[in-house]
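S.K.: Residue numbers (our numbering), protein chains in the order written: chain W, 32 to 385; chain E, 3 to 179. Backbone N, C-alpha and C define an ideal beta-carbon position, used for all residues, glycine too. All of these numbers come straight from a predicted model, not from anything done at the bench.
1) Grouping DSSP H, G and I as helix and E and B as strand, with all else coil, what is residue 102 of chain W?
2) Quick check: what's the CA-CA separation for residue 91 of chain W versus residue 120 of chain E?
3) Is it true that the CB of residue 175 of chain W sits closer than 8 Å to the CB of residue 35 of chain W?
4) Cβ of residue 150 of chain W less than 8 Å from any chain E Cβ?
5) For a quick check, are the C-beta atoms of residue 24 of chain E and residue 144 of chain E less than 8 Å apart?
6) Run through the DSSP bridge pairs and tell me what residue 1 of chain E is partnered with.
7) Checking the sheet assignment: what are the DSSP bridge partners for residue 359 of chain W?
8) Output needed in chain order: residues of the region 7-22 of chain E with a Cβ under 8 Å from some Cβ in chain W.
9) Output the distance between the C-alpha atoms of residue 78 of chain W and residue 286 of chain W, rounded to the nearest integer angstrom.
10) Could you spell out the range, first to last residue, of the beta strand (DSSP E) harbouring residue 210 of chain W?
11) Using C-beta distances below 6 Å, list every residue in its chain close to residue 66 of chain W, excluding the 5 sequence neighbours before and after it, in chain order.
12) Could you have a look at residue 31 of chain W and say whether DSSP puts it in helix, strand or coil?
13) Under a Cβ-count criterion, where at least 16 other Cβ atoms within 10 Å of its own Cβ denotes burial, should residue 7 of chain E be classed as buried or exposed?
14) My assumption, with CB atoms under 8 Å, is that residue 13 of chain E sits in contact with residue 75 of chain E. Please give the rounded CB distance.
15) Is residue 12 of chain E helix, strand or coil when you go by DSSP?
16) Alpha carbon to alpha carbon, how far is residue 272 of chain W from residue 384 of chain W? Give it in angstroms, no decimals.
17) Helix or strand or just coil, what does DSSP make of residue 308 of chain W?
18) Which chain E residues are close to residue 295 of chain W, counting only those with a beta carbon under 8 Å from its beta carbon?
19) Is there a Cβ of chain E sitting closer than 8 Å to that of residue 209 of chain W, yes or no?
20) Kindly indicate if chain W contains any beta-carbon less than 8 Å away from that of residue 57 of chain E.
21) Just grab the DSSP bridge partners of residue 36 of chain E for me.
22) Can you have a look at residue 37 of chain E and say buried or exposed, based on whether 16 or more other CB atoms are within 10 angstroms of its CB?
23) Beta carbon of residue 132 of chain W, beta carbon of residue 186 of chain W: below 8 Å?
24) Which value, in whole angstroms, describes the spacing of the CA atoms of residue 108 of chain W and residue 124 of chain E?
25) Using a Cβ cut-off of 9 Å, pull out every chain W residue sitting near residue 3 of chain E, in sequence order please.
26) Should residue 247 of chain W go down as buried or exposed, given a rule of 16 or more other Cβ atoms within 10 Å for buried?
27) Provide the residue span of the alpha helix (DSSP H) that contains residue 255 of chain W, from first to last.
28) For chain E, is any of its Cβ atoms less than 8 Å away from the one on residue 292 of chain W?
29) What is the residue span of the alpha helix (DSSP H) that residue 155 of chain W lies within?
30) Is residue 344 of chain W near residue 374 of chain W, with beta carbons less than 8 Å apart?
31) When DSSP labels each residue in this structure, what does residue 83 of chain W get in the three-state scheme?
32) Nearest to residue 9 of chain E by CA position, among E/62, E/118, E/58, E/82, is which residue?
33) Look up residue 167 of chain W in the DSSP assignment and say whether it is helix, strand or coil.
34) How would you call residue 3 of chain E, buried or exposed, if buried means at least 16 neighbouring beta carbons within 10 angstroms?
35) Can you tell me the Cα-Cα spacing of residue 81 of chain W and residue 56 of chain W, whole angstroms?
36) On the DSSP bridge assignment, give the partners of residue 109 of chain W in chain order.
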């Protein structure tokens, strides 16, 4: 096993990108993700890569568009307001079917908001992000090690589906240090073939990277093709983790930082005799609706915990609606993080399980 | 075994490093560890703190609403965190900078003249290591040697010349325990 090192989430994701064979990064600074570009600013040149701080987020995301079109493994990172600025470019990247990895270390909003952790960009991340009918593949780590593993997976998934992949975390995951090990390392010279890339047409037909399609019938065909891709993700790529579903009477649904806190709440509740279980979505798109639906066949009460006023809760409600389970919600916002005790109080309010 | 600790003080007092050393040493000893800094718009002279958890089990929340131990390097930190400590917990107080008494009788108060000893060693900036040496030798869940090794690994190359005096500070703090 590789040696464990103590690293901040932001830096660990940066190193994971290098380990994934990523050699191009274009970004623009914003708290709380600055350690990520800061790390790559020295690390990428060390491995012969390119780190570039663009003049704006809009420019950075268009640089990602260009590099991805040329077939490069490329990444950008930002935090909430910066992601909104990048959204235009991301729509083009999705439209042109290009692989790229985007990191959003969420902070409180709307507008400039604050700099403390939040999960207020769930809708933006999972419901298309920008104009046009598209989806990002969205991964939500809840520890630094998982952030490392999912970063490497993100590059592989982006290539597999020719689709942008969003790593959605928050200021807490970015700022905290935990032990990590880097087990996987991908040779940048040994990446999957990209016969569609615009990397020089000598000796072959020219490739075109484009998101403009003026013929409605053609564009509809394209939309359907994208839809098939998203359907395949929903069929094949759903990831989640479950705790105590066998004997639970109440099930918490939470992702990322909220899931970490909820695990503590679950332990407290179990000490007091409340039979609480937990479902932690790891992919937010594709959303693990089947396991939630199946669980709702025998569970009457779900509690969704988020650092927002309630976004993922809508997907949980959709997933359980056939069985009429109640979906309760607890959220903190603006950079406030729920405490295990607050979540325990919600569990007691629901009252079941004891 | 699970210790939830908060290290707090002025920016520049080295509270983040104290926490990092505990986390790093815990990792070396094969515990689960987490280190979570406050990252507000702090600056030198402002307040800073970090939460460190060392546990023999997976750590669910890396935050602590009821810490076992609070380390207060200055008065604002003591006032901010003293009421959060678990009954039966401990507060380490930097006696050199804090005159006020702790008004709880359900926690143990340990007073360490961290700056005084650091000044005796001729380097006021190592008050954090005096305090850390005391904590390590009093709590006994991590060996002091491991903390010293961790310090060597954590210090950047251009700071390695400070190893010796930091180790001395750790020893002096330990001797007080």
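M.R.: Reading off the structure:
1) Coil.
2) 48 Å
3) Against a cut-off of 8 Å, the Cβ pair of residue 175 of chain W and residue 35 of chain W comes out as no contact.
4) no
5) yes
6) Only positions 3 to 179 of chain E appear in this structure, which leaves residue 1 of chain E out of reach.
7) W/334
8) 22
9) Cα to Cα, the separation comes out at about 34 Å.
10) 208-211
11) 39, 41, 42
12) The structure shown does not extend to residue 31 of chain W, since chain W is modelled only from 32 to 385, so the question has no answer here.
13) buried
14) Not a contact, Cβ separation roughly 11 Å.
15) Note: residue 12 of chain E maps to strand in three-state DSSP.
16) Caution is warranted here: a pLDDT of 47 is assigned to residue 384 of chain W, below 50, making its placement in the model unreliable, and the coordinate value is therefore given only provisionally. The alpha-carbon atoms of residue 384 of chain W and residue 272 of chain W are separated by roughly 21 Å.
17) Assigned with DSSP and collapsed to three states, residue 308 of chain W falls in strand.
18) Going along chain E in sequence order, the residues near residue 295 of chain W (Cβ under 8 Å) are 62, 63.
19) yes
20) The C-beta of residue 57 of chain E comes no closer than 8 Å to any C-beta of chain W.
21) E/55
22) With 16 or more other Cβ atoms within 10 Å, it is buried.
23) In contact: residue 132 of chain W and residue 186 of chain W (Cβ atoms closer than 8 Å).
24) 44 Å
25) Chain-order list of chain W residues neighbouring residue 3 of chain E: empty, with the shortest C-beta distance near 16 Å, by a criterion of under 9 Å.
26) exposed
27) 247-267
28) yes
29) 153-157
30) No, these two residues do not count as a Cβ contact at 8 Å.
31) strand
32) Here the closest residue by C-alpha is E/82.
33) Residue state, collapsed to three classes: coil.
34) Residue environment for residue 3 of chain E: exposed (fewer than 16 other C-beta atoms within 10 angstroms of its C-beta).
35) 6 Å
36) Answer is W/135, bridged to residue 109 of chain W.
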